[in-house]
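A.B. asks:
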Amino acid sequence: MLWLLVFFLVPFIVLGRISLSEAMIARPPYSPLWEYGPDGNLEIIASLENYRFLLSDSLYVNAYLSSIRIALVSTVFALLVGYPMAYYIARSAEPRRSVLLLLVILPFWTSFLLRVYAWMGFLRRDGVINNLLLNLGVIEEPLVMMQTDFAVYIGIVYTYLPFMILPLYANLVKLDGALLEAASDLGASPLVTFFTVTLPLSLPGIIAGSMLVFIPAIGEYVIPALLGGPDTLMIGRVLWDEFFSSRDWPVASAVAIVMLVLVVAPTMWLQAVQNKREAAE
Amino acid sequence: MKRGWTLPILALAGFVFLYAPIVSLVVFSFNESQLVTVWGGFSTKWYGELFRDPQILNAGWISLQIATASATFATVLGTLAAFVLTRFGAFSGKLLLTGMVTAPLVMPEVITGLSLLLLFVAMELTFGWPAGRGLTTVIIAHTTFCMAFVAVIAQSRLRDMDESLEEAARDLGAGPVRVFFDITLPVIAPALVSGWLLAFTLSLDDLVIASFVSGPGASTLPMVIFSKVRLGVSPDVNALATIIIAIVAFAVVVAGLLLRRSAAQNPQ
Chain A
2 MLWLLVFFLV PFIVLGRISL SEAMIARPPY SPLWEYGPDG NLEIIASLEN YRFLLSDSLY
62 VNAYLSSIRI ALVSTVFALL VGYPMAYYIA RSAEPRRSVL LLLVILPFWT SFLLRVYAWM
122 GFLRRDGVIN NLLLNLGVIE EPLVMMQTDF AVYIGIVYTY LPFMILPLYA NLVKLDGALL
182 EAASDLGASP LVTFFTVTLP LSLPGIIAGS MLVFIPAIGE YVIPALLGGP DTLMIGRVLW
242 DEFFSSRDWP VASAVAIVML VLVVAPTMWL QAVQNKREAA E
Chain B
2 MKRGWTLPIL ALAGFVFLYA PIVSLVVFSF NESQLVTVWG GFSTKWYGEL FRDPQILNAG
62 WISLQIATAS ATFATVLGTL AAFVLTRFGA FSGKLLLTGM VTAPLVMPEV ITGLSLLLLF
122 VAMELTFGWP AGRGLTTVII AHTTFCMAFV AVIAQSRLRD MDESLEEAAR DLGAGPVRVF
182 FDITLPVIAP ALVSGWLLAF TLSLDDLVIA SFVSGPGAST LPMVIFSKVR LGVSPDVNAL
242 ATIIIAIVAF AVVVAGLLLR RSAAQNPQ
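These protein sequences, in sequence, are chains A and B. Be aware that the first sequence starts at 2, since it is given in the numbering used here, and climbs by one per residue. Be aware that the second sequence starts at 2, since it is given in the numbering used here, and climbs by one per residue.
1) Does DSSP put Phe78/A in a helix, a strand or coil?
2) Please list the terminal residues of the continuous alpha helix (DSSP H) segment that includes Asp186/A.
3) Verify the contact flag: Ala242/B, CB atom, against every heavy atom of the ligand MN, threshold strictly below 8 angstroms.
4) When you compare the CB positions of Phe213/B and Val111/B, do they come within less than 9 angstroms of one another, or not?
5) Using three-state DSSP, classify Phe31/B as helix, strand or coil.
6) Quick check on DSSP: helix, strand or coil for Phe43/B?
7) Is any beta-carbon of chain B found at less than 9 angstroms from that of Ile26/A?
8) Between Gly15/B and chain A, is any beta-carbon pair separated by less than 9 angstroms?
9) Taking C-alpha atoms, which residue in Pro9/B, Val24/B and Thr45/B lies nearest to Asp237/B?
10) With distances taken Cα to Cα, identify the nearest neighbour of Ser25/B among Arg116/A, Ala79/A and Gly138/A.
11) Taking one C-beta from the region 157 to 168 of chain B and one from the region 219 to 236 of chain B each time, how about it: are there three or more such pairs within less than 8 angstroms?
12) Taking Cβ to Cβ, would you say Gly122/A is nearer than 9 angstroms to Asn239/B?
13) Look up Gly230/A in the DSSP assignment and say whether it is helix, strand or coil.
14) Check whether the region 262 to 273 of chain A and the region 139 to 147 of chain B touch, using three or more Cβ-Cβ pairs below 8 angstroms as the test.
15) I'd like to know if the region 58 to 71 of chain B and the region 187 to 197 of chain B are in contact, where contact means that at least 3 CB-CB pairs between them fall below 8 angstroms.
16) Answer yes or no: does any C-beta atom of chain B fall closer than 9 angstroms to that of Thr268/A?
17) When Cβ atoms are compared, which residues of the region 53 to 87 of chain B fall closer than 9 angstroms to chain A?
18) Quick check on Thr127/B: buried or exposed, where buried means 16 or more other Cβ atoms within 10 Å of its Cβ?
19) How close, in whole Å, do the beta carbons of Gly210/A and Glu221/A come, if the pair is a contact with beta carbons under 8 angstroms?
20) State yes or no: is the C-beta of Ile219/A within less than 9 angstroms of the C-beta of Met260/A?
21) Go ahead and pull the three-state DSSP assignment for Gly216/B.
22) Go to Met224/B, then tell me how far its alpha helix (DSSP H) extends in each direction, as first and last residue.
23) Rounded to a whole number of angstroms, what is the C-alpha to C-alpha distance between Ser235/B and Ala171/A?
24) To the nearest angstrom, report how far apart Gly79/B and Val85/B are at their CA atoms.
25) Helix or strand or just coil, what does DSSP make of Val145/A?
26) Counting only beta-carbon separations shorter than 9 angstroms, does Arg116/A have a partner in chain B?
27) Do the CB positions of Ala72/A and Phe164/A come within less than 9 angstroms of each other?
28) Looking only at its chain, what residues have a beta carbon closer than 6 angstroms to the beta carbon of Leu136/B, apart from the 5 residues adjacent to it on each side?
29) Starting from the Cα of Thr76/B, find the closest Cα among Leu106/B, Asn32/B and Val151/B and give me that residue.
30) Counting contacts by CB-CB distance shorter than 9 angstroms, is Pro217/B in contact with chain A?
31) Compile a chain-ordered list of the residues in the region 189 to 206 of chain B whose CB is closer than 9 angstroms to at least one CB of chain A.
32) May I ask you to list, following chain order, the residues of the region 217 to 243 of chain A that have a beta carbon less than 8 angstroms from some beta carbon of chain B?
33) Can you name the residues of chain B whose CB is closer than 7 angstroms to the CB of Ala64/A?
34) Is there a Cβ of chain A sitting closer than 9 angstroms to that of Ser157/B, yes or no?
35) Kindly indicate which residue of Ile154/B, Ser116/B, Val28/B and Arg134/B has the alpha-carbon position closest to the one of Val102/B.
36) What residue from Leu80/A, Leu124/A and Thr199/A has the CA that sits closest to Thr149/A's CA?
Structure, rendered in structure tokens:
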């Protein structure tokens with residue numbers, strides 16, 4: 002408990018404190034929050050200047066907005082790819098089901114960085130996909146896929162796909178087959194059954210999976226840094242540059258605090274949804 | 002949907018999507034050509050190159066040390082947190098502890114990394130410890146974010162276990178410490194092993210947090226790989242990736258077999 006207090010809670014207090022100070026060329030590179038004035042009085046010099054700066058510079062606002070956009074689009078794609086997989090696994094019979102589940106989890110255990118790196122070899126101008134398409138004669142000119150937002154979407158969908166599939170699977174596997182039979186007995190086509198019975202019942206799984214993809218995607222740094230172009234703006238990357246290149250610790254802290262709020266809000270919403278569901282059961 | 006072909010085809014496409022990049026990575030690690038994406042014949046020369054690169058070997062050794070230490074600390078602390086949360090009933094601060102245990106699971110890594118670094122700097126200025134940054138700070142940071150994962154795994158196992166065993170031991174006169182070590186710990190041991198393995202891989206894999214909190218001379222393997230691949234694809238990274246993937250796949254299969262065997266021995 003003490004460990005968590007010291008190394009998890011206190012850091013946020015420090016973070017908040019530094020976000021209120023001014024950048025200085027000194028060690029540490031931020032101003033003190035209070036100091037003793039010439040007459041011996043304690044003076045508090047905290048300011049919201051950094052936050053005002055975030056609002057006034059369109060770079061930051063745009064970065065937050067485009068992070069949210071990229072995370073949202075990737076979440077939708079992950080859902081489209083992950084749902085059929087989860088559904089298929091949930092409907093498989095036992096030995097095959099375990100094997101398929103293991104196959105979903107296995108990439109999650111292999112290095113995140115290396116999985117993103119693998120896509121660099123795929124998407125490059127002289128990469129595997131372009132070579133394949135050129136040889137098949139589908140395209141004449143290599144497609145530009147690296148360093149685009151498209152590559153970032155692929156990277157996020159790819160690395161977070163297990164997070165989407167596992168909650169969906171856990172939800173779909175509990176689905177009562179009798180309901181589906183009843184629907185088809187009453188004359189519903191498979192497609193109608195899916196949209197009127199399966200999909201609404203799997204909504205909790207969809208929400209949980211989407212949150213697990215959306216939240217980490219917002220703060221993503223590695224994927225846009227490796228696959229994205231120079232104009233792929235994501236807030237994790239801005240924070241990183243602000244910290245390591247500009248060395249402006251107070252602004253980086255303010256960026257982090259605003260991002261924290263962005264992340265905490267959906268998490269709390271998810272928690273509320275879950276509590277409501279548990280109460281209903 | 003039941004007999005249709007749509008679903009299996011979509012699912013199959015999904016699995017191809019999951020595995021194609023990894024497979025191509027492994028295939029091209031045996032490529033003779035300097036160009037990563039043009040096949041120039043079979044060769045294992047990149048593996049040899051890898052084992053002559055002191056930077057990579059050194060970073061790999063550092064990463065292993067960090068991962069072993071933080072996985073061990075995270076397992077001990079995570080188990081304690083899980084035990085407190087499942088066995089102590091309601092207590093003041095439980096909500097806070099639950100929040101702190103689950104928050105690192107969803108916290109963006111850039112925030113965790115930045116805030117921990119700022120804490121270390123502030124601590125150094127106030128108490129003089131940790132002096133500078135290096136292995137210690139990375140181990141502390143990794144322990145903190147890994148213990149959340151261990152705690153979640155241990156918690157679900159503790160919830161599932163039959164509490165009458167503990168009650169029986171207590172009725173027979175065992176103290177709480179004895180009950181924990183003689184009954185609870187052996188029962189939840191498989192969960193702790195998988196928790197330790199998960200923490201170990203998470204620590205080995207982490208780039209962002211380590212970049213923030215490590216000091217000069219403590220570059221982990223992901224940090225070295227990242228700085229290499231940022232400049233473009235390089236064939237020796239393919240070889241390194243293949244080795245890591247092989248080790249992980251082997252470990253996962255062994256862990257899976259162990260878990261299945263222990264599940265078969267005491268069906269619950």
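Don't be surprised by glycine CBs; every beta carbon is placed ideally from N, CA and C. Bear in mind the structure is a predicted one, so any value in this text is a computation, not a measurement.
C.D. replies: Put simply:
1) Numbered from 1 along the first sequence, position 77 holds the residue referred to as residue 78/A. Helix, per DSSP.
2) What you label residue 186/A is simply residue 185 of the first sequence in a count that begins at 1. Run containing Asp186/A: Gly178 to Asp186, per the alpha helix (DSSP H) assignment.
3) Absent from the structure shown: the ligand MN. Ligands present: none.
4) The residue labelled residue 213/B in the question sits at position 212 within the second sequence. The residue labelled residue 111/B in the question sits at position 110 within the second sequence. Yes, these two residues count as a Cβ contact at 9 angstroms.
5) Sequence index remark: in the second sequence, residue 31/B carries index 30 (1-based). Three-state result, Phe31/B: coil.
6) Along the second sequence, one-based indexing puts residue 43/B at 42. Three-state DSSP puts Phe43/B in a strand.
7) For the purposes of this step, residue 26/A is taken as the residue at position 25 of the first sequence. Here the model assigns Ile26/A a pLDDT of 45, short of 50, so the residue's position is not dependable and the matter cannot be decided.
8) Taking the first residue of the second sequence as 1, we reach residue 15/B at position 14. By this cut-off, Gly15/B is an interface position.
9) As a first step, residue 237/B is located in the second sequence; it is residue number 236 there, counting from the start. When Pro9/B, Val24/B and Thr45/B are compared, the shortest CA-CA separation from Asp237/B is found for Thr45/B.
10) Translated into positions along the second sequence, residue 25/B becomes position 24. Minimum Cα-Cα distance from Ser25/B among the listed residues Arg116/A, Ala79/A and Gly138/A corresponds to Arg116/A.
11) The region 157 to 168 of chain B makes no contact with the region 219 to 236 of chain B, as fewer than three CB pairs between them are under 8 angstroms.
12) Locating residue 122/A in the first sequence gives position 121, counting from the first residue. Locating residue 239/B in the second sequence gives position 238, counting from the first residue. A contact, by the Cβ cut-off of 9 angstroms.
13) Along the first sequence, read from residue 1 onward, the residue named residue 230/A stands at position 229. Three-state result, Gly230/A: coil.
14) The region 262 to 273 of chain A vs the region 139 to 147 of chain B: no contact.
15) No: the two stretches stay apart, fewer than three of their Cβ pairs being nearer than 8 angstroms.
16) Residue 268/A sits at position 267 when you count from the first residue of the first sequence. In terms of beta-carbon proximity, Thr268/A lines the interface with chain B, with at least one pair separated by less than 9 angstroms.
17) Within the region 53 to 87 of chain B, the residues whose Cβ lies closer than 9 angstroms to some Cβ of chain A are Phe74, Leu78, Leu81, Ala82 and Val85, listed in chain order.
18) Position 126 of the second sequence, counted from the start, is the residue given in the question as residue 127/B. Thr127/B is exposed by the Cβ-count criterion.
19) Mapped onto the first sequence, residue 210/A falls at position 209. Mapped onto the first sequence, residue 221/A falls at position 220. Contact flag wrong, Cβ pair sits at about 17 angstroms.
20) As a position in the first sequence, residue 219/A is number 218, starting the count at 1. As a position in the first sequence, residue 260/A is number 259, starting the count at 1. Cβ distance < 9 angstroms, so Ile219/A and Met260/A count as in contact.
21) Here residue 216/B refers to the residue found at position 215 of the second sequence. Three-state DSSP puts Gly216/B in coil, outside helix and strand.
22) Residue numbering aside, residue 224/B sits at position 223 when the second sequence is read from its first letter. Leu222 to Arg231 is the span of the alpha helix (DSSP H), which, as asked, contains Met224/B.
23) For the purposes of this step, residue 235/B is taken as residue 234 along the second sequence, with counting starting at 1. For the purposes of this step, residue 171/A is taken as residue 170 along the first sequence, with counting starting at 1. Taking C-alpha positions only, Ser235/B is separated from Ala171/A by approximately 39 angstroms.
24) Locating residue 79/B in the second sequence gives position 78, counting from the first residue. Locating residue 85/B in the second sequence gives position 84, counting from the first residue. Here the alpha carbons of Val85/B and Gly79/B stand approximately 10 angstroms from one another.
25) Here residue 145/A refers to the residue found at position 144 when the first sequence is read from its first residue. In the structure shown, Val145/A adopts coil according to DSSP, grouped into three states.
26) As a working mapping, residue 116/A is identified with position 115 in the first sequence. Yes, contact with chain B.
27) As a first step, residue 72/A must be located in the first sequence, where it is residue number 71. As a first step, residue 164/A must be located in the first sequence, where it is residue number 163. No. Outside cutoff.
28) Along the second sequence, read from residue 1 onward, the residue named residue 136/B stands at position 135. Result list for Leu136/B: Ala219, in chain order.
29) What you label residue 76/B is simply residue 75 of the second sequence in a count that begins at 1. The candidate whose alpha carbon is nearest that of Thr76/B is Val151/B.
30) Here residue 217/B is taken as the residue at index 216 of the second sequence, counted from 1. Contact with chain A is absent for Pro217/B, since none of that chain's Cβ atoms lies less than 9 angstroms from the residue's Cβ.
31) Correct list: Leu198, Leu199, Thr202, Leu205 and Asp206.
32) Answer set for the region 217 to 243 of chain A: Pro217, Ile219, Gly220, Glu221, Tyr222, Val223, Ala226, Leu227, Gly237, Leu240 and Trp241.
33) Taking the first sequence and counting its residues from 1, one reaches residue 64/A at position 63. Under the 7 angstroms cutoff, chain B gives no residues; its nearest Cβ is about 12 angstroms from Ala64/A.
34) By one-based count along the second sequence, residue 157/B stands at place 156. With 9 angstroms as the cut-off, Ser157/B does not count as an interface residue toward chain A.
35) Here the question's residue 102/B lines up with position 101 in the second sequence. Of the candidates Ile154/B, Ser116/B, Val28/B and Arg134/B, Ile154/B places its Cα closest to the Cα of Val102/B.
36) On the first sequence, residue 149/A is found 148 positions in, with the first residue counted as 1. Closest by alpha carbon: Leu124/A.
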